[in-house]
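**Student:** Structure provided below as structure tokens; questions to follow.
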Amino acid sequence: MSRDAIRVENLTKRFKGIVAVDGISFTVRKGELFGLLGPNGAGKTTTINMLSTLLNPTSGQGEVAGFDILRNRDDVRRNIGVVFQETALDTKLTARENLEFHAMMYGLAKKEREERIQEVLRLVDLKEKANILVENYSGGMKRRLEIARGLIHRPQILFLDEPTLGLDAQTRRRIWDYIRDLNSEVQITIILTTHYMEEADYLCERVAIMDCGRFVALDSPQRLKDILGGDVISLEIEGEPGELVRRMEEFKWVKSLKSHNGFLSLTVEKGEIRIPELITFAQKNGLYVRCVHLRKPSLEDVFLNFTGRTQREQEASASQRNWKMKRGRMRRRR
Amino acid sequence: MINATAIYVLWLREMKRFMRTKSRIFGALAMPLFFLAFLGFGLRKISLPGIDQEIDYIRFLVPGVLGMSLLFSSAFSGLSVLWDREFGFLKEIMVAPVNRVSIVLGRIAGGATTAMLQSIMILVISLGLGFRVRSLLSLALALVFMLLISTTFLGLGLIFASKMNDMQGFSIVMNFVIFPLFFLSGALSPLENFPKALRYLAMIDPLTYGVDGLRSVLIGVSLYPLPHSLIIMVIFSAVMIVAGAYFFEKSESV
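Taken in sequence, the protein lines are chains Z and P.
Take 509 as the starting number for the first sequence in the working numbering and just add one per residue.
Take -14 as the starting number for the second sequence in the working numbering and just add one per residue.
Below, the structure is given as structure tokens:
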């Protein structure tokens, strides 16, 4: 068997005139934690739906766990677990019944079924609440239950579509830790989509940045951030730095420097160890530093760098697009 | 391959949901019972051309109301795929390694059981209103017809659910398909009184044969001979199930 959990070539999905996914190609190694990052409407969910056999690609190829996503659908299905973006639980059933339903659909025998259900309930800490109807669950509990469900049949590959969307910070943290543990302890390959930069940064070994159906970048979060050239130190100073700016620029470790209205901003690597040096230099030369600010580049900056827009602007324009489309559709209906 | 476990677990889910939503049971029973009570008592003494003088209107009405209850709850069950889509659970079903035919069979098993349970309750209540079943054989035959009616309209519901992608379509189907099917079937009044055009339309309504078959076995009065309506119902039900499965298979689940 190959070392790749997922191999995708030129995958494309068109919905009536809109290209949702536009010829993406990538591979995910076995055991990797891989992230798809991008704003709403970038095509992340469509990608997941194609890889999990819920949607047929318009063109291109995909292989999941060594099986073709079009020709060997049932083999793909047997080997994957999916946690969808929107809740996919039957709220009229209890948590245990939801898990039982799933285990039986995946053909687990009774004894195995009971053991696994105990095991995953313990994993997500829902053992005491297993016999409550899901309609009485909170958002975080539902999410945990869904993750548990995705694991019962021990899939090789787990798809998590926006696993922490709409959850509070504390629950989000816990789910992140579950995901990490799963990946390292159970050796599961995990593909997650998110539009939270911190999430991708915290969890993923590699991140593909997606925009308008295409990959604009694919690398480890660290290396993506390195592309931006390092940290930014901003100094607020009193008085005119004058020719001192030129002398600062001569430091080997300063990659670029901008001076503007009493603010100096320097791009450097390892900003935290350069701050003392900068302060000493300023004091020696009679410059009073009023305040220092260090900013590490985030994936948000990376996104901005690759798409020329922030995510929020991106989403605004996407929703405008959607709105226009909807209006068009309504008009046609009339 | 047919997956028996999957069919069973889909059926089981439907049973649990049915038992837990009491409002659904009462809701589904209420309308047929109103029809039975108000029409049955209100028109008790009426004599309609087409109904034998010896047969009370209520005896004529009970098979019609059974057909009505089966029609509505089965179509509703078939359409409940739309609910599952709305609430996301359909994805959980569709991503499982179970072939689509088994999923359809599981749904039909669940829907048919709930529809049958409801109409059996109505039959029991109508016994309290003075309705009498002629023999055990006629009861058994009635159950066969009830099953055929139920599967026919489950298939029909599935076809519509596969073709629509939101809940808006639901009331359209109910008003423009299900209600006309009900009124055309002669469930409330003998078909003989319909104008010619409507009578032809009634001939392509599966419920016409379902209700007629039920009348034939329950009260011994019918428009068509029993084997005639039985064969037609078997064909309708087979065609609808196959078509429902076909369209469901073709539909995309997201």
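Cβ coordinates follow ideal geometry from the N, Cα and C atoms, glycine included.
Between GLU622 of chain Z and ILE783 of chain Z, what straight-line distance do the alpha-carbon atoms span, to the nearest angstrom?
**Tutor:** C-alpha separation (whole angstroms): 58 angstroms.
**Student:** Strictly by DSSP, which residues pair up with ILE741 of chain Z?
**Tutor:** DSSP, once it has assigned bridges, lists Z:LEU774 and Z:LEU802 as partnering ILE741 of chain Z.
**Student:** Alpha carbon to alpha carbon, how far is ASP41 of chain P from GLY25 of chain P?
**Tutor:** Going by the C-alpha atoms only, they are around 9 angstroms apart.
**Student:** Considering only residues of the same chain and omitting the five flanking positions on each side of GLY539 of chain Z, which have a CB-CB separation below 7 angstroms?
**Tutor:** So the list reads GLN695 and THR697, once near-sequence residues are dropped.
**Student:** Decide if ASN793 of chain Z is buried, meaning its Cβ has at least 16 other Cβ atoms within 10 Å, or exposed.
**Tutor:** Exposed.
**Student:** DSSP three-state call for GLU746 of chain Z: helix, strand or coil?
**Tutor:** Residue state, collapsed to three classes: strand.
**Student:** Establish whether the CB of ILE514 of chain Z and some CB of chain P are separated by less than 9 angstroms.
**Tutor:** Answer no: the Cβ-Cβ gap between ILE514 of chain Z and chain P never drops below 9 angstroms.
**Student:** What does the alpha-carbon distance come out to for the pair LEU(-3) of chain P and LEU75 of chain P?
**Tutor:** Their backbone Cα atoms lie some 16 angstroms apart in a straight line.
**Student:** Which residue wins for smallest C-alpha separation from ALA223 of chain P, given the options P:PHE19, P:PHE138 and P:PHE233?
**Tutor:** For the residues P:PHE19, P:PHE138 and P:PHE233, the minimum Cα distance to ALA223 of chain P belongs to P:PHE138.
**Student:** Tell me, please, which residues DSSP counts as bridged to MET152 of chain P.
**Tutor:** In the DSSP output, where bridge partners are listed per residue, MET152 of chain P has none listed.
**Student:** Skipping 5 residues on each side, what residues in its chain have a beta carbon closer than 6 angstroms to that of THR566 of chain Z?
**Tutor:** Correct list, in chain order: THR520, LYS521 and ARG522.
**Student:** From the beta carbon of ILE78 of chain P, is the nearest beta carbon of chain Z less than 9 angstroms away?
**Tutor:** Interface residue, yes.
**Student:** Going by beta carbon distance, what residues of the same chain come within less than 7 angstroms of ARG200 of chain P, once the five residues before and after it are set aside?
**Tutor:** Correct list, in chain order: PRO48, VAL206 and SER207.
**Student:** How big is the Cα-Cα spacing for LEU112 of chain P and ARG44 of chain P?
**Tutor:** Rounded to whole angstroms, LEU112 of chain P to ARG44 of chain P spans 10 angstroms at the Cα level.
**Student:** Enumerate, from N- to C-terminal direction, the unbroken alpha helix (DSSP H) stretches of 4 or more residues contained entirely within the stretch 26 to 91 of chain P.
**Tutor:** As far as the stretch 26 to 91 of chain P is concerned, its whole alpha helix (DSSP H) runs of at least 4 residues are 42 to 64, 66 to 71 and 74 to 79.
**Student:** Determine the contact status of ASP669 of chain Z and THR553 of chain Z, defining contact as a CB-CB distance below 9 angstroms.
**Tutor:** Yes; because the gap between Cβ atoms is below 9 angstroms, this pair is in contact.
**Student:** Leaving aside the five residues before and after ARG839 of chain Z along the sequence, list all residues of the same chain whose C-beta is less than 6 angstroms from its C-beta, in chain order.
**Tutor:** Note on ARG839 of chain Z: pLDDT 44, under 50, position unreliable in the model; the coordinate value appears next. For ARG839 of chain Z, where only same-chain residues beyond five positions count, there are no Cβ hits under 6 angstroms.
**Student:** What are the partner residues of MET718 of chain Z, as DSSP defines its beta bridges?
**Tutor:** Per DSSP, Z:PHE723.
**Student:** In chain Z, which residues lie less than 7 angstroms from GLU267 of chain P when you measure between Cβ atoms?
**Tutor:** This structure leaves residue 267 of chain P out entirely; chain P is present only between -14 and 239.
**Student:** What residues of chain P sit near VAL590 of chain Z, judged by a beta carbon separation below 9 angstroms?
**Tutor:** The answer, in chain order, is LYS76, GLU77 and VAL80.
**Student:** Between the C-alpha atoms of SER156 of chain P and GLY142 of chain P, what's the straight-line distance to the nearest angstrom?
**Tutor:** About 12 angstroms.
**Student:** Under 7 angstroms between beta-carbons, which chain P residues line up against SER560 of chain Z? List them in chain order, please.
**Tutor:** Result: VAL80.
**Student:** Could you confirm whether any beta carbon from chain P is found closer than 9 angstroms to the beta carbon of ARG837 of chain Z?
**Tutor:** Bear in mind that a pLDDT of 46 at ARG837 of chain Z, under 50, signals an unreliable position, so the number given afterwards is only what the model happens to contain. It does not; no Cβ of chain P falls within 9 angstroms.
**Student:** Check distances from the C-beta atoms of the stretch -9 to 7 of chain P to those of chain Z and list, in chain order, the residues that come in under 9 angstroms.
**Tutor:** Cβ contacts with chain Z come from ALA(-9), TYR(-7), VAL(-6), LEU(-5), LEU(-3), ARG(-2), LYS1, ARG2, ARG5 and THR6.
**Student:** Along the chain, where does the alpha helix (DSSP H) that runs through ILE189 of chain P open and close?
**Tutor:** Neither: ILE189 of chain P is in no alpha helix (DSSP H) and is coded neither H nor E.
**Student:** Return the residue from the list P:LEU102, P:PHE164, P:VAL80 and P:LYS181 that minimises the CA-CA distance to ASN564 of chain Z.
**Tutor:** ASN564 of chain Z has its Cα closest to that of P:VAL80, out of P:LEU102, P:PHE164, P:VAL80 and P:LYS181.
**Student:** In whole angstroms, what is the alpha-carbon distance linking CYS712 of chain Z and ILE687 of chain Z?
**Tutor:** About 10 angstroms.
**Student:** Please decide whether ARG754 of chain Z counts as near chain P, where near means a Cβ-Cβ distance under 9 angstroms.
**Tutor:** For ARG754 of chain Z, the answer is no, since every Cβ of chain P falls outside 9 angstroms of its Cβ.
**Student:** Ordered along the chain, which non-local residues of its own chain (more than five positions away) have a Cβ less than 8 angstroms from that of LEU634 of chain Z?
**Tutor:** So the list reads ALA603, MET649, ARG652, LEU653 and ALA656, once near-sequence residues are dropped.
**Student:** Quick one: what's got a C-beta closer than 6 angstroms to LYS804 of chain Z's C-beta in the same chain, skipping five residues either side?
**Tutor:** Hits under 6 angstroms: ASP739.
**Student:** In terms of DSSP beta bridges, what is THR788 of chain Z paired with?
**Tutor:** For THR788 of chain Z, which the question treats as bridged, DSSP gives no partner whatsoever.
**Student:** So ALA528 of chain Z contacts chain P; which residues on that side make the cut at Cβ distance below 8 angstroms?
**Tutor:** Correct list: empty, because the minimum Cβ distance to chain P is about 12 angstroms.
**Student:** When you compare each of P:ILE88, P:ILE110, P:PRO175 and P:ALA182 to TYR231 of chain P by their alpha carbons, which one comes out closest?
**Tutor:** Nearest C-alpha to TYR231 of chain P: P:ILE88.
**Student:** What do you reckon, are the CB atoms on ILE226 of chain P and ILE93 of chain P nearer than 9 angstroms?
**Tutor:** Cβ atoms of ILE226 of chain P and ILE93 of chain P: closer than 9 angstroms.
**Student:** Check GLN569 of chain Z in the structure and name its three-state DSSP category.
**Tutor:** In the structure shown, GLN569 of chain Z sits in a strand (DSSP, three-state: E or B).
**Student:** Rounded C-beta distance between PHE233 of chain P and ARG70 of chain P? I'm assuming under 8 angstroms.
**Tutor:** Going by Cβ atoms, the distance from PHE233 of chain P to ARG70 of chain P rounds to 11 angstroms, so no, they are not a contact pair.
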